[in-house]
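Numbering (the numbering used here), first residue to last: 2 to 497.
Worksheet: one structure, shown below.
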């Protein structure tokens, strides 16, 4: 009965444990004023946003829906549901959450119980007795409760660090989602662009075959030579040679789609890709501004949370300069088995356990220096991620805008080449120009047609690269069936 009363008095420990809230050593985290993200220019509109290809509206979460391509939408949903990289990222996030729970468990009292029954004979000589003692049973049973008094915030800082690590893992998961969406869109665009380029190459082959037939008729009529026939056949074979690389590009893009969506190459249904050109936006691309970008990009959030974790680890190391205090209560009963539960067998103790390694200025200060160096490195990494994010967007915008200019010029050149080729065939048929002039016009048309098709593919690739740099696609509403994880942690960047 007394044992139960002592156990019920455990709230005394909780009252003493309230002293743990008196404060935490180490720096309280905030984004440093000297961080690159604090510079006004980081939140300003993009330099490239003045181009006619862009508009300053915010990027929608499901940017791939701007293409209005149901096949692309379906592939990205499949990738979100089955991609192996996302599964790895989800496992990493689960592990980080478990580590955070482990750190939080340090705030709970530890309860233990012991029971040690035995039978034997104690030494009579040890007790100064001449006659041997009789055999007898004995027991030792008890309950203990201990609580780590976190007077200097070591546990609190460890929980803070683990929480930031969990949020960084969440941002890492979001970053993988961004990459998976862009990679899936790029593989789909490459496969569809290859179809267009194959069609263009095949049209070039067909045109050259017509030239060969025309040349054969002129030779039979006595107006051509064997050299003309050899030249036209050589050109035909060169145009045939352009087909295999494009066919390989189409096939490998399909295999990439299979891997991204968690399927084997043989499981990739070809009838799923009923496209004849890469998806392409004709409207302006919404890019927002620097402030929106840095709030949206998961790698920026991941680096900022890594900085927060590194800052908290300074407090963990600093707490080692101070004593560690545990409050404990133990109660039990020890004696002979035939006297089990007797009042005079009851025992209990209550008190603190204080441990302190002296001198404390040695290894503890070394660990503090290590933590501070880690914090400085985390800040440098955070600055690098911010600067790289802005660089990637500006570069992607420039590359896309210039490729659009190039694409327009190539289209105009192709139209003129097609006109010149048609006229040369008519003139050659009437004997107004020689064979080489017609062949040169056909070669020019084939080259400009292929260059235009390749530029269309590059425009699609550059668009997707820009969307990847803008960092959209990780938001929870961006998919209907994804790997099951909790919603992302609230954005901490610039809010502290």
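Note that CB positions come from ideal geometry on N, CA and C, so glycine has one too.
Counted within 10 angstroms of its Cβ, other Cβ atoms place residue i as buried (16 or more) or exposed
i           : result
residue 191 : buried
residue 73  : buried
residue 431 : exposed
residue 307 : buried
residue 212 : buried
residue 416 : exposed
residue 246 : exposed
residue 109 : exposed
residue 473 : buried
residue 228 : exposed
residue 135 : exposed
residue 440 : buried
residue 345 : exposed
residue 207 : exposed
residue 383 : buried
residue 120 : exposed
residue 31  : exposed
residue 150 : buried
residue 295 : buried
residue 372 : buried
residue 449 : buried
residue 216 : buried
residue 129 : exposed
residue 350 : exposed
residue 314 : buried
residue 255 : buried
residue 218 : exposed
Residue range of the alpha helix (DSSP H) that includes residue i
i           : result
residue 34  : Careful: residue 34 lies outside any alpha helix (DSSP H) and carries neither H nor E.
residue 300 : 299–319
residue 445 : 436–471
residue 370 : 364–430
residue 189 : 155–221
Close Cβ partners of residue i (< 8 Å) along its chain, the five nearest in sequence each way excluded
i           : result
residue 40  : none
residue 395 : 47, 48 and 49
residue 131 : 125
residue 33  : 39 and 380
residue 199 : 244, 247, 248 and 251
residue 57  : 46, 50, 287, 288, 289 and 290
residue 220 : 226, 227, 229 and 230
Boundaries (first-last residue) of the beta strand (DSSP E) holding residue i
i           : result
residue 350 : 347–356
residue 149 : 137–150
residue 336 : 325–337
Rounded Cβ spacing between residue i and residue j (contact assumed at less than 8 Å)
i           : j           : result
residue 182 : residue 65  : 6 Å
residue 286 : residue 469 : Not confirmed; about 13 Å, so no contact.
residue 319 : residue 27  : 5 Å
residue 388 : residue 353 : The Cβ separation is near 50 Å, so there is no contact.
residue 87  : residue 188 : Not quite, the Cβ-Cβ distance comes to about 16 Å (not below 8 Å), so this is no contact.
residue 457 : residue 278 : 7 Å
residue 331 : residue 145 : 4 Å
residue 302 : residue 172 : 4 Å
residue 143 : residue 333 : 2 Å
residue 454 : residue 197 : 5 Å
residue 209 : residue 237 : 5 Å
Own chain partners of residue i with C-beta closer than 6 Å, once the 5 adjacent residues on each side are dropped
i           : result
residue 422 : 442, 443 and 446
residue 404 : 459, 460 and 463
residue 289 : 59 and 60
residue 325 : 356
residue 153 : 26, 320 and 323
residue 475 : 175, 178, 179 and 299
residue 22  : Low confidence applies here, because residue 22 scores a pLDDT of 44, under 50, leaving its location unreliable; read the following figure in that light. Closer than 6 Å at Cβ, skipping near neighbours: no residue.
residue 111 : 147
residue 400 : 463
residue 43  : 291
residue 369 : 318 and 319
Contacts around residue i, its chain only, beta-carbon distance under 7 Å, and the 5 residues preceding and following it disregarded
i           : result
residue 393 : 470
residue 310 : 162, 165, 166 and 169
residue 83  : 262 and 263
residue 157 : 25 and 151
residue 1   : Limits of the chain in this structure are 2 at one end and 497 at the other, which puts residue 1 out of reach.
Inset, instruction - Mind listing, in chain order, the continuous beta strand (DSSP E) runs of no fewer than 3 residues lying wholly within the stretch 95–135? - result: 111–116 and 119–121
Legend entry - Unbroken stretches of the alpha helix (DSSP H), 4 residues or longer, contained in the stretch 230–262: 244–261
Inset, instruction - At 4 residues or longer, and completely inside the stretch 39–95: list those alpha helix (DSSP H) runs for me, N to C. - result: 71–83
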